[in-house]
Amino acid sequence: MEEPEMQLKVKKVTDKFTESLYVLANEPSVALFRLQEHVRRSLPELAQHKSDMQSWEEQSQGAIYTVEYACRYWNGLGFGVNFEHFVDKIP
């Protein structure tokens, strides 16, 4: 065989091999497997973040309730925003 002919055949074989590897690597089942791996690795961390966020939400709701209660109490005493008469109105 001549050299150019051999090079052409080698190129065809390598191109077909590369195309086959590309198709195999991008097969939908491989993509689903990769997605499954990602979810399996990420899910525990995401669940922990969700738990932390729920805990912080409960704590902040408690703090908000406390502040709102204090504001209602303060306004109920008649002080409003003015602190000048604070000492005079203390029972």
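Going by the numbering used here, the first residue of the sequence shown is number 538, and it counts up by one from there. Glycine is no exception: its CB is placed at the ideal position from the N, C-alpha and C atoms. The structure displayed is predicted, hence computed values, not measured ones.
For residue i, the first and last residue of its enclosing alpha helix (DSSP H)
i	result
N612	P565 to G613
E542	E540 to A562
Backbone CA spacing between residue i and residue j [nearest angstrom]
i	j	result
P541	F554	20 Å
Y610	L572	54 Å
Q596	C608	19 Å
Y559	K587	38 Å
Q544	A562	26 Å
K549	L569	31 Å
N612	T603	14 Å
P581	E574	12 Å
L583	R577	11 Å
E594	E556	52 Å
E605	L614	14 Å
Q585	I601	24 Å
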